[in-house]
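Trainee: Numbering (this note's numbering), first residue to last: 92 to 526. Ideal Cβ placement from N, Cα and C applies to all residues, glycine included. Keep in mind it's a predicted model, so treat the numbers as computed, not measured.
(1) For a test of the three-state rule: what should DSSP assign to residue 316, helix, strand or coil?
(2) Counting C-beta neighbours from all protein chains within 10 Å, is the total for residue 188 16 or more, i.e. buried, or is it exposed?
(3) Does DSSP put residue 237 in a helix, a strand or coil?
(4) Going by CA-CA distance only, name the one from 240, 292, 135 that's closest to residue 219.
(5) Out of 415, 478, 444, point me to the one whose CA is closest to residue 457's CA.
(6) Take the Cβ of residue 248 as the centre, count every other Cβ of all protein chains shown within 10 Å, and call the residue buried at 16 or more, exposed below.
(7) Return the chain-ordered list of same chain residues with a C-beta closer than 7 Å to the C-beta of residue 157, the five sequence neighbours on each side being excluded.
(8) Give me the residue from 463, 505, 203, 357 with the minimum Cα distance to residue 315.
(9) Indicate whether residue 263 and residue 224 have their beta-carbon atoms separated by less than 8 Å.
(10) Sorted by chain position, which residues of the same chain lie with C-beta nearer than 8 Å to residue 233's C-beta, five sequence neighbours on each side aside?
(11) For residue 392, collect the residues of the same chain with a Cβ closer than 6 Å to its Cβ; drop the 5 residues on either side in sequence, then sort them by chain order.
(12) Looking only at its chain, what residues have a beta carbon closer than 8 Å to the beta carbon of residue 438, apart from the 5 residues adjacent to it on each side?
(13) From residue 307 to residue 404, what does the alpha carbon distance come to, in whole angstroms?
(14) What are the start and end residues of each continuous alpha helix (DSSP H) run of 4 or more residues lying completely inside the segment 331 to 356, in chain order?
(15) When burial is assigned at 16 or more other CB atoms within 10 Å of the CB, is residue 175 buried or exposed?
(16) In chain order, what residues of the same chain have a beta carbon less than 6 Å from the beta carbon of residue 338, not counting five sequence neighbours either side?
(17) Quick one: residues in its chain with C-beta nearer than 6 Å to the C-beta of residue 486, no 5 flanking neighbours on either side, listed in chain order?
(18) If we call anything under 8 Å between Cβ atoms a contact, is residue 382 one with residue 426?
(19) Leaving out five residues on either side along the sequence, give the residues of the same chain with a beta carbon under 6 Å from the beta carbon of residue 498.
(20) Just to confirm before moving on: does the CB-CB distance between residue 348 and residue 461 stay below 8 Å?
(21) Rounded to the nearest angstrom, what separates residue 463 and residue 238 at their Cα positions?
(22) Taking the alpha-carbon positions, what's the residue 267 to residue 370 distance?
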């Protein structure tokens, strides 16, 4: 039994329930004993079993919660890593907001260092702190954080015109780089910087050799937008065949590359894809935290609204997906806020097809809240502006549901819209070529 880990999880559970040590203590286990247990200083099996029973927990349930918490933290840290490039001040604020698991110390320190560097602050000590934290941690062998730290430290030395020291550090970064690990794009950064440092030292031949050593997958000829399109397509294909974890890893890798290359359009697309994967996992496994993670992904995409240039429709999709998430979690106030934003966007763009989609979602929310008159108005607005059978079907079906709840006085409207619904269904059957 890992007493330190279990003690830490007990403490987290206690704090989440708003309990003090004194609230949990009794004649069998004192507050001081509980404190020692939570710090891993007490290794009494019976005491731990007693406290777990008192909290209605088991080792298995704690491990499951720990796994879900780790997954949520990993996603949140990925979002913060995006913020480092867009809004470093906000990234630092987000890092300070929560009590992260001790195992996250290296990535927390690294992101803090990167954000400070982006702000033009002296981040050298933070990168060295990250390297020290990595030496004490396990599970970071594939992260390439060590290589990143050496790479950024080399940049700091280069800015000071300490070219030999910069070269020494970048060589360290390349030497410990794991080509099968995360942050693959950083290998190109290290290789290019090495070439630049050689050139600055007047070692032209070595500079050319450094360029030639860059692997073909990091060639200058690569069209980053096309590469990111492949990442997105591949992630979606993996999603289609329900290989969720592979799809998640591909989408995250794509987001990382898009972030480094300031390709906000593709980054938004990949955040939406990642959110769709988590939403599919929720449908498959019915674990609520996947729905929460999907919402976080769509929110991360919305953060890019002012940066997206070419594919602004994706902003609409991110808002719409987030509204659906909030509706599924019965967060109606948040749903209305998002839908109001969507209405603003569609009116500004004068896109009536998108406006129809929004009004269908508004109608569904109003139905959930039993606001039948508003639901009817929203579905009717959707019908007046839609130009697709799918949207027409959803709007008519919504009207049938709404009028049905109003009782016998609206039977004629129910019958009228039911007939229209049947005609739409018959048309679908005919289109499918079935009897």
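Mentor: Judging by the given coordinates:
(1) helix
(2) A residue is called buried when at least 16 other Cβ atoms come within 10 angstroms of its Cβ; residue 188 does not meet this threshold and is exposed.
(3) helix
(4) Residue 240 holds the alpha-carbon nearest to the alpha-carbon of residue 219 among 240, 292, 135.
(5) 415
(6) buried
(7) Spatial neighbours of residue 157 in its own chain (CB-CB distance under 7 Å, excluding positions within 5 residues in sequence) are listed in chain order as 100.
(8) Of 463, 505, 203, 357, the smallest CA-CA separation from residue 315 is found for 357.
(9) no
(10) Around residue 233, the same chain offers 269, 271, 272, 273 as residues with beta carbons nearer than 8 Å, after the five sequence neighbours per side are excluded.
(11) 359, 362, 363, 409
(12) A distance below 8 Å between beta-carbons, with the five flanking residues on each side excluded, links residue 438 to the following residues of its chain, in chain order: 446.
(13) Per-residue confidence for residue 307 stands at a pLDDT of 44, beneath the threshold of 50, marking its modelled position as unreliable; no derived number is given.
(14) 335 to 351
(15) buried
(16) For residue 338, where only same-chain residues beyond five positions count, the Cβ hits under 6 Å are 326, 329, 330, 368.
(17) Leaving aside the five residues that flank residue 486 on each side, the residues in its chain whose CB is nearer than 6 Å to its CB run, in chain order, 451, 470, 473, 474.
(18) no
(19) none
(20) no
(21) 59 Å
(22) 36 Å
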